[in-house]
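Colleague: Provided herewith is a single structure, encoded as C-alpha cells, for subsequent inquiry.
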Amino acid sequence: MDDGSGMDGGPPEPPQQTAPAGILVTASVCATAPDAAAQLCQALGDGPFSRVVLFVSPEADLARLCAGLSQCFPPGLVIGCTTAGEISRNGYTEGEIVATGFPAAHFSTDCLLVPDLTRIDAQDLIGQLIRARVGLQQDRAGWDHEFAFMMVDGLSTLEDDLAAAVAAGLGPVPLFGGSAADGVRFGQTHVIWHGQAWTNAAIVMLVRSDCRVKVFNLDHLVPTDRRMVVTQADPARRIVRQINAEPAAQEYARLLGKDPGQLTTFTFAAHPVVVRVGGRHHVRAIQRMDANGDLVFFSAIDEGLVLTLAEPQDMVAHLDRELSRLSDHGPPAAVLACDCILRRMEALEKQMSGAISTVLRAHNVVGFSTYGEQWNSMHVNQTMTGVAIYPPDPAMPEPSCQKPHD
C-alpha cells in the first residue's frame with residue numbers, strides 16, 4: 003500500500019489551472035511537449051496534494067513523461083493511465099495530458115496497485131482494501147465522505163472480475179472507474195504507478211474528504227423490443243460466434259436491416275445491445291467484427307445471454323439534463339468522469355462533438371475517454387460514470403446517491 007504525500011482539434015492552450023482553487027486543481031498540456039511534466043508541475047502549483055491523477059494521450063512518450071514526473075513530484079504522488087481521448091477545460095480534446103490534483107486540505111487518499119490482473123488474489127485484495135479504508139477513517143475521523151476510483155488495463159479483458167473483487171473490499175464505499183485506452187488502435191494500454199508505465203495492471207485510489215460527493219452513472223440508451231440470444235461464444239475472449247444459431251455478425255446486421263458489410267465501429271456505437279441485470283439494463287458494447295463474422299465485445303459475454311437492441315436518445319440534451327441533476331442541491335465544484343470511447347465516436351459520427359464539449363465545459367467536467375467503465379461491482383460500456391465533488395458545506399442537504407434518471 004502507498005499512503006502518498008501529504009474535440010474538435012485546434013492547438014492546445016498554454017497550461018493553466020482550470021478548477022476552483024482549494025477543491026480540485028486541473029491543468030492540461032500538449033502530450034508531445036518535451037517538457038510536459040515540468041509544465042504540469044508549474045500549472046498545478048505547489049499544492050500540497052494528497053494525489054495527482056493524469057489522463058495521458060497515447061501520443062505521449064511515457065518513458066520521458068514518467069522520468070520528468072519523478073523530478074517534479076514526490077514518489078508515489080502521481081498515478082494515471084492512457085486514454086482514448088481526454089476531457090479538459092475545453093471539453094473533448096485529443097493529444098493532451100490532463101492532470102487533476104487533489105489538495106491535501108480537502109482530500110486524504112490511499113492507493114493500491116494490482117500488478118498482475120491474471121493472478122488476482124481476491125481475499126488478499128479485499129483485506130488490503132479494508133485496511134486502507136480503516137486507515138483513512140482513523141487519519142480523517144471528522145471527514146465523512148468517501149469514494150473509490152479505479153484505472154485498469156483496458157485490453158486485459160479482466161475488468162469484470164477485478165470490479166467484483168474490489169467492490170467486495172469496499173463495502174458501502176461507491177466505486178467508479180475507467181479502462182485505460184490506446185486511442186482507436188487497441189494495441190497496448192498503460193496505468194502509471196511510481197514513475198513507471200504498467201500493463202496488465204490496475205490502480206485503486208481510495209478517497210476520504212470533507213467535501214460532499216456523489217458517484218453517478220448515466221447513459222442515453224433506450225431498450226427496444228428486438229431481442230436475440232447468444233448461442234455460441236468464447237467468454238474468456240469476449241467473442242460471440244453465433245446469435246440465434248446464426249453467424250453473429252450476420253444475425254446482428256439482419257436485425258438492423260443492414261448487410262454485414264455495412265457494419266462499422268460507428269454502427270456498433272449507434273446500435274448497442276443491452277442486458278437486464280438487477281432490474282436495470284446494462285450495455286454490452288461491441289468492439290469490432292472479426293473477418294470470420296465473429297463479434298468481439300468490450301465486456302463480459304456468455305452463451306444463453308439475452309441481448310436487447312437499444313437506440314440512443316439525443317446525447318447532447320440527455321447529457322445536459324443528467325449533469326444538471328447533479329446540481330439539484332447546489333452545483334458541484336468539479337466533476338471527474340470516465341466516458342466511453344463509443345460515446346465519443348457517436349458524437350463524432352453525428353457531428354455533436356462541439357455541442358458535447360460545450361455541455362462538459364458548462365458542468366466543469368474533466369476526465370478521459372475509456373475502453374469501458376466500472377461502477378460499483380460492475381464493468382459496463384457506453385456510459386459516463388464519475389464523481390461530483392461539492393464544496394464542503396454541512397448546512398446543505400446530502401445529494402441522493404441514486405443513478406440520474408434516464
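The working numbering numbers the first residue of the sequence shown as 3 and each following residue consecutively.
For each residue, glycine too, the CB sits at the ideal point set by N, CA and C.
#1: Can you check whether the CB of residue 219 is closer than 8 Å to the CB of residue 387?
#2: Taking the C-alpha atoms as reference points, what is the distance between residue 110 and residue 35?
#3: Could you tell me which residues DSSP pairs with residue 72 in its beta bridges?
#4: Counting only runs that start and end within the region 28-96, where is the beta strand (DSSP E) found for 3 or more residues in a row?
#5: When DSSP builds the beta bridges, which residues end up paired with residue 229?
#6: Use the C-beta contact count for residue 281: other C-beta atoms within 10 angstroms, 16 or more gives buried, fewer gives exposed.
#7: Who are the Cβ neighbours of residue 31 in its own chain at under 6 Å, not counting the five residues just before and after it?
#8: Alpha carbon to alpha carbon, what distance is there between residue 126 and residue 351?
#9: Can you round the beta-carbon distance between residue 245 and residue 231 to whole angstroms, since I take them to be within the 8 Å contact cut?
#10: Within 10 Å of its beta-carbon, does residue 50 have 16 or more other beta-carbons around it, so buried, or fewer, so exposed?
#11: For residue 100, which beta-bridge partners are listed by DSSP?
#12: Residue 239: buried (16+ other C-beta within 10 angstroms of its C-beta) or exposed?
#13: Only counting the same chain, and skipping five residues up and downstream in sequence, which positions put a Cβ closer than 8 Å to that of residue 147?
#14: Could you tell me the boundaries of the alpha helix (DSSP H) in which residue 361 lies?
#15: Kindly confirm or deny that the region 306-322 and the region 274-292 touch, where touching means at least three C-beta pairs closer than 8 Å.
#16: For a test of the three-state rule: what should DSSP assign to residue 266, helix, strand or coil?
#17: By Cβ distance below 7 Å, which residues in the same chain neighbour residue 252 in space, the five residues on each side in sequence not counted?
#18: In the DSSP assignment, the beta strand (DSSP E) including residue 205 goes from what residue to what residue?
#19: Just to confirm the assignment: which complete beta strand (DSSP E) runs, minimum length 3, are found wholly within the region 148-209?
#20: Which class does residue 320 belong to by DSSP, given the choice of helix, strand or coil?
#21: Quick check on residue 117: does DSSP put it in helix, strand or coil?
#22: Is residue 305 helix, strand or coil by DSSP?
#23: What whole-angstrom Cβ distance do residue 180 and residue 385 have, given they're in contact under 8 Å?
#24: Can you tell me whether DSSP reads residue 23 as helix, strand or coil?
#25: With distances taken from CA atoms, which of 317, 306, 346 and 369 is nearest residue 336?
#26: By Cβ distance, which residues of its chain are closer than 7 Å to residue 320, with the 5 residues on each side in sequence left out?
#27: Check whether the Cβ atoms of residue 88 and residue 57 lie closer than 8 Å to each other.
#28: Against chain C, does residue 341 count as a neighbour if the rule is that its beta carbon must be under 8 Å from one of theirs?
#29: Buried or exposed for residue 155, going by 16 or more other Cβ atoms inside 10 Å?
#30: Identify every residue that forms a DSSP beta bridge with residue 112.
#31: With C-beta atoms as the reference, is residue 122 less than 8 Å away from residue 171?
Modeller: In this structure, then:
#1: yes
#2: 31 Å
#3: Partner(s): none; residue 72 has no beta bridge.
#4: Fully enclosed beta strand (DSSP E) runs of 3 or longer: 51-58, 80-84, 88-90 and 93-95.
#5: 310
#6: exposed
#7: 17, 38, 41, 42 and 99
#8: 44 Å
#9: 7 Å
#10: exposed
#11: 30 and 57
#12: exposed
#13: Here the set comprises 210, 211, 212, 213, 214 and 215.
#14: 355-364
#15: The region 306-322 vs the region 274-292: in contact.
#16: Coil.
#17: 262 and 295
#18: 204-211
#19: If only uninterrupted beta strand (DSSP E) runs of at least 3 residues are considered, those enclosed by the region 148-209 are 177-182, 193-195 and 198-200.
#20: DSSP places residue 320 in the helix class (H, G or I) of the three-state scheme.
#21: For residue 117, the secondary structure class from DSSP, reduced to helix, strand or coil, is coil.
#22: coil
#23: With 8 Å as the limit, residue 180 and residue 385 do not qualify as a contact, their Cβ atoms being about 10 Å apart.
#24: Unreliable positioning characterises residue 23 in this predicted model, as indicated by a pLDDT of 43, which lies under 50. The coordinate reading is nonetheless provided below. Three-state DSSP puts residue 23 in coil, outside helix and strand.
#25: The residue with the shortest Cα to Cα distance from residue 336 is 369.
#26: 222
#27: yes
#28: This model lacks chain C altogether; it includes just one protein chain.
#29: buried
#30: 208
#31: Taking the C-beta atoms as reference points, residue 171 is found no nearer than 8 Å to residue 122.
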